[in-house]
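What follows is a short report on a single structure.
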Amino acid sequence: MKRSEVLRYSKIGMETLLTSIKFFYSHISLLCVSLIPSVIRAIQMLNPSAPFWLEGIVFITRCFLFVLIIIMMTKSKINDLRDKNFWDKLGHSASIQFQKNWPYGFLAQIIVFLVLLYGVGNLFIMLLSWIFSSNAGLIGIQSTDSNALYNACIYFLKNMSVIPLTLVYIVYISGLRPVKN
């Protein structure tokens, strides 16, 4: 593969990542829904005896978030999800997207995603969590277990960034694009 092709596919991967970030963080409803599993995960890290049923709330919230992402990207109504034609159009769109980008564009999107969002993103989350947990006492937050506070911070931030962005990214590389007004 030529260098120009590598650059072109890398650009596709970067555009996908940046578009996913812009889409997610420009919708307050997606951020609000993401707060639910974020807070629950932080509570679970700070309190090892947190009730198990909180896992169910996290699961249901993530499923709802995924559906909400699809609804917002397509500017559809919830009732449209029951229509077979809606899903046929999405399947057709995904098929075209994979034919167009297979294999290099698709692989470039995955590589950019893994390196930047999972790699750099997680390092950034770890750094922020370390800074917060190291300085929590300065802002009046007392914890008997600094490791639990650090983990709570990591899980909170991941549930507000990496996890929902993964959902948006999956929908996006599958061929679904935000509908413009």
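Quick note on this note's numbering: the sequence shown kicks off at 1189 and runs consecutively. C-beta atoms are modelled at their ideal positions from N, C-alpha and C, and glycine is treated no differently.
Do residue i and residue j have their C-beta atoms closer together than 7 Å?
i	j	result
residue 1342	residue 1298	no
residue 1228	residue 1255	no
residue 1216	residue 1355	no
residue 1263	residue 1367	yes
residue 1310	residue 1233	no
residue 1253	residue 1221	yes
Near residue i, what residues of its chain come up, given a Cβ to Cβ distance below 6 Å and the 5 sequence neighbours on each side ignored?
i	result
residue 1274	1268
residue 1201	1296, 1297 and 1300
residue 1189	none
residue 1231	1238
residue 1317	1338, 1341 and 1342
residue 1249	1224 and 1225
residue 1218	1212
Which residues in the same chain have their Cβ closer than 7 Å to the Cβ of residue i, if we skip the five residues on either side of it in sequence?
i	result
residue 1178	The structure shown does not extend to residue 1178, since the chain spans only 1189 to 1369, so no value can be given for it.
residue 1334	1321
residue 1305	1205, 1350 and 1353
residue 1284	1363
residue 1346	1313
residue 1331	1324 and 1337
residue 1278	1364
Can you round the beta-carbon distance between residue i and residue j to whole angstroms, since I take them to be within the 8 Å contact cut?
i	j	result
residue 1360	residue 1292	That pair is no contact at about 17 Å.
residue 1214	residue 1357	Contact doesn't hold; Cβ gap of about 15 Å is too wide.
Closer than 6 Å to a non-hydrogen atom of the ligand ATP - does that hold for the CB of residue i?
i	result
residue 1217	As far as ligands go, the structure on display features none, and thus does not contain the ligand ATP.
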